[in-house]
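Residue numbers (our numbering), protein chains in the order written: chain A, 57 to 216; chain B, 41 to 211; chain C, -7 to 379; chain D, 4 to 388.
Even for Gly, the Cβ is constructed at its ideal location relative to N, Cα and C.
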Amino acid sequence: MGILQRITRNIDNRYWDPGLIGFPVKNSYTAGVAGQRFFEEIKENGRIFGSKCAGCDLTYVPARIYCERCLSGLEEKDWVDVGDEGTVYAYTEVHQTKSGEAKEKPSLIAAVKIADGLLIHRLGDCLPEAVHIGMPVKAEFKPKNERQGGIEDIKYFKPF
Amino acid sequence: MSEVVKVFGGTALSEKDISSGKIFLTKDSLDCAYAWDTGVAINRYLAELKKGNIIATRCRKCKRIVLPPRLFCELCFIPVNDWVYVHDSGVINTFSICHVHWDASRVKAGEDPHLPAVIEIDGASPGMGIMHLLGEVKPAKIKIGMKVKAVWRPEAERTGSITDIKYFKPI
Amino acid sequence: MNKRVAIVGLGHSGFGTTSPDLSYREMIFEAATRCYEDAGGIHPQSIDSFVASSEDFMEGISIADEYVPDQLGAVLKPVHSIAGDSLQGLASAMMQIKTGQQNIVAASSFSKVSNLSNHEHLISYATDPAYIRPFNENPYFIAGLEMNRYLHETGTTREQCAAVVVKNKYNALNNPGAVYAAKVELEDITTAPYLSAPLGIFDMSGHLDGSIVILLASEDKAWELTDKPIWINGIGWATDTPNLDSRLEGLGSARYAKLAAEKAYRMAGITNPFHEIDFAEIDDTFSYKELQHLEALNICGPGEAGQLLELGCFAPGGDFPVNVSGGSLGCGYLHEANGLQRVAETVRQLRKEAGKRQLPEAETGLAFAWRGVPTATGAAVVLSTRP
Amino acid sequence: MRKVAIVGAGMTKFVRRALETPKELSFQATKTTLDSCGLTLDDVDCVAHGTAPDAFDGLHQNGEYMVDGCGGWNKPTMRVYVGGGTGIHAIAHGWHHVASGLFDTCLVVCEEKMSSAMPHAQAFFLTIFDSITERALEPNLLWIFALEMNRYMERYGYSKEDMALVAVNNKLNGLKHPASQFTDQVTVEDVVNSEMMAYPVSRLDVSPVSDGAAAVLLASERVARRLTDKPVWIEGVGWSLDTAYWATRDLYYPRYTDTAARMAYEMAGIREPAKQINIAEPYDPFDYKALHHMEGLQLSPRGKTVELLRDGHFDRDGNLPMCPSGGLLGVGNPIAAAGTMKVCELFWQLRGEADERQVPGNPQLGVAQSWGDLMQVSSVVVVGI
């Protein structure tokens, strides 16, 4: 044994609760050079953009400012409108909340393949039983006046 | 440098970029709550503070009396089991007069500044300090080397915490 | 290659779902004491360097590195932290010895996850703030997506995944330190509520508190410290893309595991791991991960792991025993200490110190760890009784 | 011991608030580094990266998040961490990768984006203190530095004006750095009269919060000789972590810097550092810290450092130029990136590529040092040509 004493009675147990200022971490994130423009296109024009690395022949969705495989910079000329349609690449029905409790109504989350990218988003207007890998889906945008410049400007993807 | 590195990345944003709402921001906070196991040594340290005592441990090999108490000597690397009461007085090793709160907000005019100090506790080995606050003293009068004594909260208000000592005041 | 490196000491402490009787410092001191005694009673002053593996928020300390030295006996010594799985920490320790600057290095890691109230929020903070977090979902949905894709790509079934849980929890019954040991049936797992379908709540390993310290030494020092050194013959670690949006290839297969293992095998001179390695302790944070990892580690072909499991190939008496200790599903998940947990169990088998679960033929073993969602980083190590 | 060289270096501008995400900042520094030595990602064997507290970037497992920007796709990647000391320690960490014989080339990338912290990066520092015995006092980061600075000044009878001179010098050097976030020169009076934060620390004694990234590429001797005729060799690395019970140490002298420096000097075969070393880049998040560290680095006799400073000993054209880059005070302090920036500076200085900032006299040997945790850790790297 490494140490000579132990706590042996529950009544002696003590944990320290740091109270209100326990772990005060709050952040405000920019979307980045690519994200700023990507969300602007969704917000203003309802268009989804990818960026294409000619060398690797890959179109990233969402668009980026660099290719992760070869680290080439992807510039304005490399941005491509990839349309608002894709296919379900993988999906899951989430039964627990972020706090680990059972949800009243499970939510459907999918990785939607558009060009060479996977947009992670909700599925809507469809029954969980009907979802399958390879299912064509289309982005349902929020009305323009409700868009704020973020991934949630797309309401969900729905089958078509 | 100029021959090979000509361009430096990094797009600086101004306060106006942010306040105008032109830049999209996502906000989030980490909703993690913690309940730390105090363990044997700190458990006893806190329990003794509640009684109005400061307790330390002594290593049988190097004879150091250390604060906060621990169940092992980090230098000799052996278990420690010799508990020693030390005094609630000591000497200021160093201090500061701090005009900002923990969250970086400014101490307002009329409010007292925070007076943190490292206090070498009497009865512990030389140099064995703890961080605490000073009180009942004009900031300009604080000196390194000054003798100080703990001012305890009334017994009924103590919870078994380092804050059971309100602060140290000069004697 | 420079010097050969061996594991010469091993110690642990804790290993409970909670550990209120000790602070994390006291727990690590206990593990370190055991480790140093295991290496012939070495004093930490004689250890050249120390590596800890931790990640800030787990302990609720913003610079967790600060609190490493004292309980390891490492005050004013070279100490650094690897913000990664502890198997990467082990690799860092090994590299230090191979440079020739150090001869004896300790690697440590611990988990006090019981002190954290809502682990999911923390995992969520590891996901992309702009593209993932706004959905405000339980972050284990990523495991749900992976499992869905894995089953689709390989034809592996839900039941085969559940069989991993049944096997590992049963194996754990022979491991006195395994708190999630149980004798369960497939139905117990498959009929349990979903966490994120197809992933059920029992497909995920439970949290564990504990601390592990492992001591490494160069060849000449190793023989001074122990008469049963376990040699690190190959080590490798790798990261697939961290971006979910470009993880097309990696979503259904554990590419990080493939890359890490290739490196480790190459260093160890292994060309046919199934035949040249006797057993493995590999990451089973989620049930499907054990199967996915076996395929990526080239123990079997894509889509074969589930069937081989059903044939008993990975059972303690099978051709290639996997997670005889019970794995994370049977022992509990130690977070960043997971890798050292896998290494410790492999070392015990190789030293023939595994008690009731001792395998008769254990000369070369494989340990593999993954960092969990949302990461795509894994590390593999080939350990052997022969250098 | 296998010889390892720095063959390329790059960084971003250090700015108050960047539009870029942490990955994008990492990408910009990494790409610049690769371009500077004409390599592509295919030439890179592994990535050793660093970033300081996760809280600033606001990402748990931040090393995983940013790693594609560091060139880590499908490569061995490992994030090292010693708090504020990470930026220089990452060089030692990268050295382990190459000197061990496991890899021939290693990208070392450090990044920090402090601006995402709300309401202010300072608030997160509450959580670096002991969870139970210190945090209840509601401390902030300035406390410990103020306590250390006060102790140091008291011990040797230094004044606030003495300390301010470091801020003035470094900021003056920094004006010549193209990546610096400052444009204004300051005087000793400006520093001394700036807003009092925590006596004796005033606002201008402190380096600012910044966003940025910096990177270097390490290569084994064989690869380095092929790539460049001006490799900068890593001659020595050392690091040391002192006890977490910080109030039990006397803060006037940085023991951790002392032990780390001796370890690095021993490896480099340096017996008389103050005579042999031509450029020093000590860690200077606060002005007093540069002097404190010069003593720990054995580059200045204890208690005589201000005298030497006033004599111009540490000026760019002095005997031992100190922080010719401008340091954290003069360029900016994106924590981990700031340390790596110092090594980039030595790389450029020793190759004679530092433009306006160039130290005269063909410097041969430089030392960079960083510091972090609870005033507790130092990492030291000695480089030479």
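Three-state secondary structure assigned by DSSP to residue i
i, result
"residue 78 of chain C", "helix"
"residue 207 of chain B", "strand"
"residue 205 of chain D", "strand"
"residue 124 of chain C", "coil"
"residue -7 of chain C", "With a pLDDT of 46 at residue -7 of chain C, under the threshold of 50, the modelled position of this residue cannot be trusted, and the question is left open."
"residue 187 of chain A", "coil"
"residue 382 of chain C", "As displayed, chain C neither begins before -7 nor continues past 379, which places residue 382 of chain C out of reach and without an answer."
"residue 76 of chain D", "coil"
"residue 243 of chain C", "helix"
"residue 91 of chain C", "helix"
"residue 382 of chain C", "Outside the modelled stretch of chain C, which goes from -7 to 379, sits residue 382 of chain C, for which no answer is possible."
"residue 367 of chain D", "coil"
"residue 57 of chain A", "Reliability fails at residue 57 of chain A, whose pLDDT of 48 lies under 50, so the model's placement of it is uncertain and the value that follows must be treated cautiously. Reduced to three states, the DSSP call for residue 57 of chain A is coil."
"residue 373 of chain D", "strand"
"residue 287 of chain D", "coil"
Beta strand (DSSP E) segment containing residue i, residue limits
i, result
"residue 215 of chain A", "210 to 215"
"residue 42 of chain C", "41 to 45"
"residue 113 of chain D", "108 to 116"
"residue 152 of chain A", "141 to 152"
"residue 116 of chain A", "114 to 116"
"residue 350 of chain D", "Residue 350 of chain D -> not in any beta strand (DSSP E); alpha helix (DSSP H) instead, spanning 338 to 353."
"residue 66 of chain B", "65 to 69"
"residue 330 of chain D", "No beta strand (DSSP E) contains residue 330 of chain D, which is instead part of the alpha helix (DSSP H) from 330 to 333."
"residue 92 of chain B", "Premise fails: residue 92 of chain B is in no beta strand (DSSP E) and is neither H nor E."
"residue 213 of chain D", "Segment: none, residue 213 of chain D is in no beta strand (DSSP E) and carries neither H nor E."
Where the alpha helix (DSSP H) containing residue i begins and where it ends
i, result
"residue 90 of chain A", "88 to 101"
"residue 172 of chain B", "That residue, residue 172 of chain B, is in no alpha helix (DSSP H); its beta strand (DSSP E) goes 169 to 173."
"residue 144 of chain C", "133 to 146"
"residue 97 of chain D", "89 to 102"
"residue 215 of chain C", "211 to 217"
Own chain residues within Cβ distance below 8 Å of residue i, not counting five before or after
i, result
"residue 344 of chain C", "350 and 354"
"residue 211 of chain D", "19, 184, 335 and 336"
"residue 161 of chain C", "172, 173, 174, 175, 176, 318, 321 and 322"
"residue 375 of chain C", "-1, 222, 223, 224, 225, 335, 338, 339, 342, 356, 357, 358 and 359"
"residue 57 of chain A", "Unreliable placement is indicated for residue 57 of chain A, whose pLDDT of 48 sits below 50; the coordinate value is still reported in the next sentence. Correct list: empty, nothing qualifies."
"residue 185 of chain B", "131 and 132"
Sequence-distant residues of its chain with Cβ nearer than 7 Å to residue i (five each side left out)
i, result
"residue 148 of chain D", "204 and 289"
"residue 128 of chain B", "94, 189 and 190"
Cβ-based neighbour list, residue i, same chain, cut-off 6 Å, excluding 5 preceding and 5 following
i, result
"residue 426 of chain D", "Examination of residue 426 of chain D is not possible in this model, given that chain D is present from 4 through 388 alone."
"residue 201 of chain C", "6, 8, 11, 103, 104 and 106"
"residue 126 of chain B", "94, 96, 161, 163 and 164"
Residue ranges of each beta strand (DSSP E) within the stretch 122 to 192 of chain B, 3 or longer: Annotation note: the stretch 122 to 192 of chain B contains the following uninterrupted beta strand (DSSP E) runs of length 3 or greater, listed N- to C-terminal: 122 to 126, 129 to 135, 156 to 161, 169 to 173 and 187 to 192.
Chain D contacts made by the stretch 125 to 141 of chain B, where a contact means CB separation under 8 Å: Listed in sequence order: 133, 134, 135, 136, 137, 138, 139, 140 and 141.
Near-chain C residues of the stretch 47 to 67 of chain B (beta-carbon distance less than 7 Å), N- to C-terminal order: Against chain C - using a Cβ distance shorter than 7 Å - the residues of the stretch 47 to 67 of chain B are 66.
Proximal residues, the stretch 71 to 94 of chain B versus chain D, C-beta separation under 7 Å: Taking 7 Å as the Cβ-Cβ cut-off against chain D, the residues of the stretch 71 to 94 of chain B that qualify are 76, 78 and 82.
Chain A contacts from the stretch 230 to 246 of chain C (Cβ-Cβ distance under 8 Å): Correct list: 233, 235, 236, 237, 238, 239, 240, 243 and 244.
Against chain A: residues of the stretch 117 to 140 of chain D by CB proximity under 9 Å: Cβ contacts with chain A come from 118, 119, 120, 121, 122, 126, 127, 129, 130, 134, 135, 138 and 139.
Positions along the stretch 4 to 37 of chain C whose CB lies within less than 8 Å of some CB in chain A: So the close ones are 5, 12, 13, 14, 18, 21, 22, 23, 24, 25 and 26.
Under 8 Å (Cβ pairs) to chain D, residues found in the stretch 115 to 140 of chain A: Correct list: 121, 122, 124, 125, 126, 127 and 129.
Against chain B: residues of the stretch 86 to 106 of chain A by CB proximity under 9 Å: Under the 9 Å Cβ criterion, the stretch 86 to 106 of chain A contributes 86, 87, 89, 91, 92, 95, 96 and 99.
Whole runs of the beta strand (DSSP E) within the stretch 9 to 87 of chain D, excluding any shorter than 3 residues: Counting only runs of 3+ residues, the beta strand (DSSP E) found wholly inside the stretch 9 to 87 of chain D occupies 49 to 53 and 80 to 84, in chain order.
Interface positions of the stretch 187 to 204 of chain B facing chain D (Cβ-Cβ less than 9 Å), listed along the chain: Within the stretch 187 to 204 of chain B, the qualifying residues are 201, 202 and 203.
Runs of beta strand (DSSP E) lying entirely within the stretch 0 to 69 of chain C, each at least 3 residues, in chain order: Listed in chain order, they are 41 to 45.
Contact list for the stretch 4 to 37 of chain D against chain B, Cβ threshold 9 Å: Cβ contacts with chain B come from 11, 12, 13, 14, 15, 16, 17, 18, 19, 20, 21, 22, 23, 27, 28, 30, 31, 32, 34, 35 and 36.
Where the stretch 56 to 72 of chain D meets chain C: residues whose CB sits under 7 Å from a CB there: Answer set for the stretch 56 to 72 of chain D: 56, 57, 58, 61, 62, 63, 64, 66, 67, 68, 70 and 71.
Within 8 Å of chain C by C-beta, residues of the stretch 289 to 308 of chain D in sequence order: Cβ contacts with chain C: none found.
Residues of the stretch 61 to 89 of chain C with Cβ closer than 8 Å to any Cβ of chain B, in chain order: For the stretch 61 to 89 of chain C, which is checked against every Cβ of chain B, the residues closer than 8 Å are 61, 62, 63, 65 and 67.
Near-chain C residues of the stretch 364 to 379 of chain D (beta-carbon distance less than 9 Å), N- to C-terminal order: Identification of residues in the stretch 364 to 379 of chain D having a C-beta nearer than 9 Å to some C-beta of chain C yields 375, 376, 377 and 379, given in sequence order.
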